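Protein chains in written order, with the working numbering: chain A, 33 to 235; chain V, 4 to 553.
For reference, the structure is listed below as structure tokens.
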């Protein structure tokens, strides 16, 4: 089994050899490591991407907007991803973002996962029919479990999810009430002596 | 009194970093301190009469066990080489996480001796190999088998029976990634398991030499005297492979240097020096002179450094004995200011290391801060502005920004990874091929390039906007934001210029390892000795922490 350190190093070096700057190659190293940690086929997709990269004649996107559509060919997942990560603080306000035609979209995914950590919000990502919930770069919840190569995505849809409860207030209250059963009812003596502050603590 | 930390623009110059010496913060010393209470055992020792075979040594505490597995093999004279391009060694080692089963040893027997060409697993933590100092090893075998102890002068002049030529860890060749073990309390300091491997290898070398002597002459042979063993360490040959490490791990480098600098600051801030602390400092300083007088090297560069160190130290000790008062307030601060005024960098840093000896209360908490969660600082804060980045560069790289990289002498070399061994190398870009495959280690040049580009960019631009068209400098933008938070994370020198002495970079790292007696064999590789004078495993439970000077 290859260690994550080996995966990071080889991904970084091969990315440099494929023509990316050292700084971007470092990002790719970290990203492939992330994909492999999350049991997604990072090495497999990166290897296939580099083999086909030249013939794909990919388009680069520098400034990301709400709706992004490549003109003729597909977007490069790395350049789109790097710029998405770099610009996430401004993109966050757009709430929903779409990309049309992205090559090897799985290589775009870890940039989005890391962006979720940067803004402290979950991001929902849909690549055609594959759905991913990116939880602050801590884990990924997905309906995609195949270990295959995804050569392109026609549509990528991203939604920044606001930090809100996943439960009803009623459910919270019921659970809170149960948790109260671990508390001790205070008598006068406990009220006087149990806490550090006096009864008049607003001076 | 508040003493400021030393200026990174002074401390992080290569000539200063290349003058660092071991100290209480050094990893081999902190390793011994951490593991002194662990139970040491030789679990297996199956060597034939020539000393070839398998041995296992372990350290155990509660449910945790670390086992060193040693494979000693026959090696033809013409196959023995210390260079990293070698493919066979006298012995090969791995540190196993737990107690190895028979199947583990069988599996590793096929992999460990092959080193870079073998495959390890997450159960193995570190990997190494070593060659005999044939001259010393054979002499010791000969003497012991005749019932005599070896010649002290020969032993002292070499200092070891074996020297390692590489120690690998952190996921190399399939070894366990650091994330698997980083939360273990006993390995909170850097390179602790690498130190354990070297320390146990040292014991193996004694056991092997005794075994071979005994096999040669069972009736007459004696064991190597325990005091001679103590004065033998493990040699190490180190080439350029180590140099880029300190460039590639900026926050880790910062934490090492920062621990040293904070120690010095706190010591200089002590108002009254106790008699006990004064005596310990003076005792260590005076006794340590023997480590310099027994420091053998043929390198003219190092001989000159040793000469000036010895001259300075003798003068300094005389000054302390005749003119210096430890009674005065902030005596160590006064001493430091005097050192800076009067002596060479080698001497200043030597005494700085000595100053730490009495102050366990200062150094011990800092040792725990010497690792780094590097991933935390990887993301670039792209919401910051060009103006802010420019200010960081001006503040943090003042000398580097004055270098003219259009001059060939400032842009002379390039760092590359050799194809046959995947190891870092340095070459002249104007004489050799391959400069187009340069590694991102010319930080000074790229920082200067970044600064020039920022100067013609709108101050109000965010880094995100700047990066959208300037990603070729992304690697140094990341570093600039790291150095903003971690002042000692960057070498404040040109690592590709004509004047570079690469062994300065090696020596910095090795001093933190705790190495002694740096012996440069060229400007690109050197030999050192580790654990010379250290207690033996059986003596660990009650050892003198100042063993380096005994």
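Each residue gets a CB set at the ideal place from its N, CA and C atoms; glycine is no exception.
For clarity, every value in this text was computed on a predicted model and none was experimentally measured.
Under the three-pair Cβ rule at 8 Å, the region 292-306 of chain V counts as touching the region 520-538 of chain V. Assignment of residue 524(V) by DSSP, reduced to helix, strand and coil, places it in the coil class. In this structure, the beta-carbon distance from residue 409(V) to residue 25(V) does not fall below 8 Å.
With a threshold of 8 Å between beta carbons, residue 118(A) makes contact with chain V. For residue 121(A), the residues of chain V that pass the 8 Å Cβ criterion are 385, 386, 467, in the order they occur in the chain. For residue 450(V) against residue 403(V), the beta-carbon gap comes to about 6 Å, under 8 Å, which counts as contact. The Cβ atoms of residue 35(V) and residue 69(V) lie no closer than 8 Å to each other. Looking only at 333(V), 264(V), 177(V), the smallest Cα-Cα distance to residue 115(V) is reached by 177(V). Closest in C-alpha terms to residue 82(A), from the list 143(A), 109(A), 94(A), comes 109(A).
Contact between the region 498-512 of chain V and the region 142-150 of chain A is not established, with fewer than three Cβ pairs separated by less than 8 Å. For residue 155(A), the nearest beta carbon of chain V is not closer than 8 Å to its own beta carbon. Contacts with chain V at 8 Å (Cβ-Cβ) do not include residue 85(A).
The beta carbons of residue 61(A) and residue 43(A) sit closer together than 8 Å. Residue nearest to residue 550(V) within the set 293(V), 377(V), 486(V) is 293(V) (criterion: CA-CA distance).
Scanning 97(A), 103(A), 79(A), 95(A) for the CA closest to the CA of residue 136(A) turns up 79(A). Contact between residue 64(V) and residue 92(V) does not hold, since the beta-carbon distance rounds to 31 Å and is not under 8 Å. The beta carbon of residue 375(V) sits no closer than 8 Å to any beta carbon of chain A.
If you look at residue 508(V), you'll find it isn't in any beta strand (DSSP E); it sits in the alpha helix (DSSP H) that goes 505-516. Between the alpha carbons of residue 260(V) and residue 495(V) lies a gap of roughly 13 Å.
Nearest CB-CB separation between residue 115(A) and chain V: below the 8 Å threshold.
Inter-segment contact for the region 278-285 of chain V and the region 309-317 of chain V is absent: fewer than three beta-carbon pairs are separated by less than 8 Å.
Take the alpha-carbon of residue 15(V) and the one of residue 342(V): they are about 18 Å apart.
As the crow flies, the alpha-carbon of residue 79(V) is around 12 Å from that of residue 137(V). Using beta-carbon distances, residue 54(A) counts as an interface residue toward chain V, with a partner under 8 Å.
Beta bridge pairing from DSSP links residue 64(V) with 67(V).
Going by DSSP, residue 177(A) is part of no alpha helix (DSSP H) at all; its letter is neither H nor E.
Close partners of residue 472(V) in chain A (Cβ separation under 9 Å): 94. In this structure, DSSP gives residue 357(V) a helical state, which the three-state scheme calls helix. Under the Cβ distance rule, residue 248(V) does not count among the residues neighbouring chain A, no pair being separated by less than 8 Å. Counting the other Cβ atoms within 10 Å of the Cβ of residue 434(V) gives fewer than 16, which makes it exposed. DSSP places residue 96(A) in no alpha helix (DSSP H); its state is neither H nor E.
Out of 182(V), 353(V), 277(V), 297(V), the CA that lies nearest to the CA of residue 234(V) is found in 297(V). Approximately 7 Å separates the beta-carbon atoms of residue 39(V) and residue 546(V); this is inside 8 Å, confirming the contact. Cβ neighbours of residue 521(V) within its own chain (closer than 6 Å, five residues either side excluded): 510, 529, 531. Between residue 152(V) and residue 231(V), the gap from beta carbon to beta carbon is short of 8 Å.
At a cut-off of 8 Å between beta carbons, residue 159(A) makes no contact with chain V.
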